[in-house]
Amino acid sequence: MSDLQESKHASSLVQLDNGIKIPPSGWQCAMCDKRDNLWLNLTDGTILCGRRYFDGSGGNNHAVEHYEKTGYPLAVKLGTICAPGADVYSYAEDNMVLDSKLEQHLKHFGIDMAKMKKSEKSVAELQADQHQAMDAQLLASLADSHCSIPTEHSRVYKDECLYSCDNPESPNGLFICLKSFHGVGLDFLPLYYSRFGHRLYLQHRRIRRWKEVPANVVEDPPAKKPTRLAIGTADGFAGNESQYSFEESNSLYLMPEAVAMPLPNDCLPERIRLSIDGVLAAQSAHTLELLAQASNTWEGETRQESKHASSLVQLDNGIKIPPSGWQCAKCDKRDNLWLNLTDGTILCGRRYFDGSGGNNHAVEHYEKTGYPLAVKLGTICAQGADVYSYAEDNMVLDSKLEQHLNHFGIDLNAMRKVDKTMNELEIEANMREWDSIQETGKALVPAGGPGLTGLRNLGNSCYINSVLQLLFAVPSFVRRYYDGRSSILERERSDPVSSLDIQLAKLADGLLSGKYSAPAKGQQPEQPPKPGDLAPAYGIRPQMLRTLVGRGHPEFSTSRQQDSFEFFLHLLTLVERSSSLAQADNPGRVFAFDVEDRLQCGQSGQVAYKSRRELSLKFTIDNNWCPKKLDVELDVPEFIDIGFLRGCGGLQPGEVELKFPADQPESAAE
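Under full-length UniProt numbering, the residue at position 569 of the sequence shown is numbered 569, and the numbers go up by one with no gaps.
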């Protein structure tokens, strides 16, 4: 208990004068028949059950759902109230807390803390029971058969669940299997365990909180109109500081016992500890996919061989570079360091718009000397390194890099990558910028609830998001992948990462269930959040689906922007080919229609009708067509009648059918 912190809501907690008085026993959840694991909300006196555990025990989540609807932050576990104190939980802070005014808060509802007797185990006691179940001997016996150590080639799925849109920011976090490195949400952990039998998992949580706002900031400075499409430059858009702070929480989770051990823990077997450290340090599978795309296609640019590489002059100045421990020659920077390949000077890189990065010493050195090429020290490894040409103002290739590094005593094959490459930094920057884009100056009405879940942009993925939102507004796709989700998960036994059915069913649940959306209108919390409170992350990222659908395609496997309609047709083709779908069950059939062509002979006047199956209507636009943009408001009907396009249905009265040679009998043709 000594590790708990005083809740920031305790001293200023508002308690409603609603006349509720709580008896000393005989409690029951106000929403169900649960009589244990009950929590009293200290604002309105509602008694509700706690969280549901994966095996169905515990509560029914009514207490946390009540907080999500009302914003009332503090609750006390009824069965733990006694003279020394009680368990108090802050839903806003997502933690067990202290409440120095607990006695006063309980008296408001007629509870005399001194007269109460403890009748239920505290949260700390329940956790101690779990730790006892996860003894050292058991873990040692599982270390070899249920645990692997990831290598640089391992695919670690630690961004999202295989079967749902749960992620590390979900309330229970993500459970990463230490054997296969698959990520699974709490609801699907029993399914995954039943199929694969793996017992050890890393429970990884990323907690987002509202950031403290400096008191001296009164208002934003007047915005300067940008003149260049850039972020963080003098003539571009200013970068936005994040509204959130983040912290991480990790536990070792054992199945099927469903017990957790907080980390770090020095008593873990070495193999399990190395596995956990490797999972946390590894690039996620999604990031590796992005890097594979970005290596040649990021923003449509391909790195070219530098024109200075083959003829680079290197000075014989005796400089030898150690394999680590570098520092900028002009300042105390020890990261983002670049080695000039002409004179061996180590200098820091460019300063970013927010003051991070370097101090521009490397580029200033080029401006003084004209020495063109530099390599980023922390990226050197057997596979290569980041090389920048100041003369060409671009990232480049250097086919003689190994020779150029040997000149300064660096063995390329003996080096290990210890810093992020420019591609990795660019991906992170793009993802942060997409999350920070907002519609300023508009009074936006929040939309939330089932069917109103947003898709987060993955970087040049708006064409994907628009198509997916369209498809899952179509009843046939809803029936197939949302209503039929349980049967898909039961039937599909293949690798979930490679199953189109599972990934589409997962997306359908994310978009249509409302579990990942903002609160529906009228259900927003009644009390505004305070700095440090949990900041929910709404929306979902279609990461696995994007990778799967783009696999093997020359365009959709890249990070470039694409045409939405072409992606729509590509996805419908994949759905049709899905091996588990009979043609009658193909939800994409609703988009198909027949087009009838009428041909008329200019001499005989005879006509022929031919039909073909299409998914789109194509119109020919005259070369002299000139677009005009009109700033007008139109009322677009919800349904558009295209009945005038319907064909006549073949040969009409008075028409004579035109026979082609291939249509005539052999005798007639002779």
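The C-beta atom is built at its ideal place from N, Cα and C for all residues, glycine as well.
C-beta atoms of residue i and residue j nearer than 8 Å
| i | j | result |
| --- | --- | --- |
| residue 314 | residue 404 | yes |
| residue 560 | residue 623 | no |
| residue 341 | residue 312 | yes |
| residue 359 | residue 400 | no |
| residue 253 | residue 203 | yes |
| residue 146 | residue 199 | yes |
| residue 588 | residue 576 | yes |
| residue 7 | residue 99 | yes |
| residue 472 | residue 511 | yes |
| residue 44 | residue 13 | no |
| residue 450 | residue 514 | yes |
| residue 469 | residue 455 | yes |
| residue 75 | residue 42 | yes |
| residue 676 | residue 181 | Look at the range of the chain in this structure, 1 to 670, and you will see that residue 676 is not part of it. |
| residue 548 | residue 466 | no |
Residues of its chain near residue i, where Cβ-Cβ distance is below 6 Å and the 5 sequence neighbours each way are ignored
| i | result |
| --- | --- |
| residue 601 | 658 |
| residue 185 | 161, 164, 166 |
| residue 47 | 27, 30, 38, 40 |
| residue 234 | Because residue 234 sits at a pLDDT of 44, beneath the cut-off of 50, its placement in the model cannot be relied upon, and the following sentence gives the value as read from the coordinates. Excluding positions up to five away in sequence, the list is empty. |
| residue 385 | 375, 379 |
| residue 647 | 596 |
Paired residues, beta bridge with residue i - DSSP
| i | result |
| --- | --- |
| residue 338 | 347, 376 |
| residue 245 | 209 |
| residue 39 | 48, 77 |
| residue 95 | 90 |
| residue 204 | 174, 250 |
| residue 181 | Bridge partners of residue 181: none, in fact. |
| residue 261 | 252 |
| residue 611 | 596 |
| residue 116 | Note: residue 116 sits in no beta bridge, so no partner. |
Which listed residue (the options) has its alpha carbon closest to that of residue i
| i | options | result |
| --- | --- | --- |
| residue 103 | 10, 93, 139 | 10 |
| residue 278 | 609, 596, 270, 151 | 151 |
| residue 380 | 495, 589, 285, 322 | 322 |
| residue 365 | 382, 352, 346 | 346 |
| residue 573 | 591, 558, 557 | 591 |
| residue 650 | 635, 599, 660, 620 | 599 |
| residue 370 | 391, 139, 180, 614 | 391 |
| residue 248 | 153, 205, 585, 289 | 205 |
| residue 484 | 507, 182, 465 | 507 |
| residue 419 | 281, 136, 343 | 281 |
| residue 288 | 159, 637, 89 | 159 |
| residue 285 | 552, 153, 655 | 153 |
Distance between residue j and residue i (C-alpha atoms, nearest Å)
| i | j | result |
| --- | --- | --- |
| residue 412 | residue 377 | 11 Å |
| residue 188 | residue 163 | 7 Å |
| residue 115 | residue 77 | 16 Å |
| residue 518 | residue 269 | 42 Å |
| residue 447 | residue 539 | 12 Å |
| residue 387 | residue 265 | 41 Å |
| residue 272 | residue 148 | 8 Å |
| residue 237 | residue 568 | Confidence in residue 237 is poor, its pLDDT being 39 and thus under 50, which makes the residue's placement too unreliable to answer from. |
| residue 217 | residue 260 | Annotation note: pLDDT 36 at residue 217 (below 50); position unreliable, coordinate value reported separately. Each residue's Cα considered, the two are about 42 Å apart. |
| residue 329 | residue 415 | 21 Å |
| residue 226 | residue 94 | Caution is warranted here: a pLDDT of 39 is assigned to residue 226, below 50, making its placement in the model unreliable, and no coordinate value can be reported. |
| residue 257 | residue 554 | 46 Å |
| residue 593 | residue 613 | 6 Å |
| residue 504 | residue 477 | 9 Å |
| residue 121 | residue 5 | 21 Å |
| residue 81 | residue 111 | 9 Å |
| residue 127 | residue 21 | 31 Å |
| residue 531 | residue 516 | 23 Å |
| residue 183 | residue 480 | 25 Å |
| residue 362 | residue 421 | 17 Å |
Beta-carbon contacts of residue i that lie in its chain and below 8 Å, excluding the five residues immediately before and after
| i | result |
| --- | --- |
| residue 19 | none |
| residue 563 | 463 |
| residue 550 | 556, 557, 558 |
| residue 178 | 146, 147, 148, 198, 200, 201, 202, 272, 275, 276, 279 |
| residue 660 | 608 |
Same chain, Cβ closer than 7 Å to residue i, five either side skipped, listed in chain order
| i | result |
| --- | --- |
| residue 389 | 306, 308, 372, 373, 396 |
| residue 666 | Caution is warranted here: a pLDDT of 46 is assigned to residue 666, below 50, making its placement in the model unreliable, and no coordinate value can be reported. |
| residue 32 | 49, 60, 62 |
| residue 458 | 541, 543, 546 |
| residue 398 | 306, 309, 373, 387, 404 |
| residue 255 | 189, 193, 199, 201 |
| residue 571 | 467, 549 |
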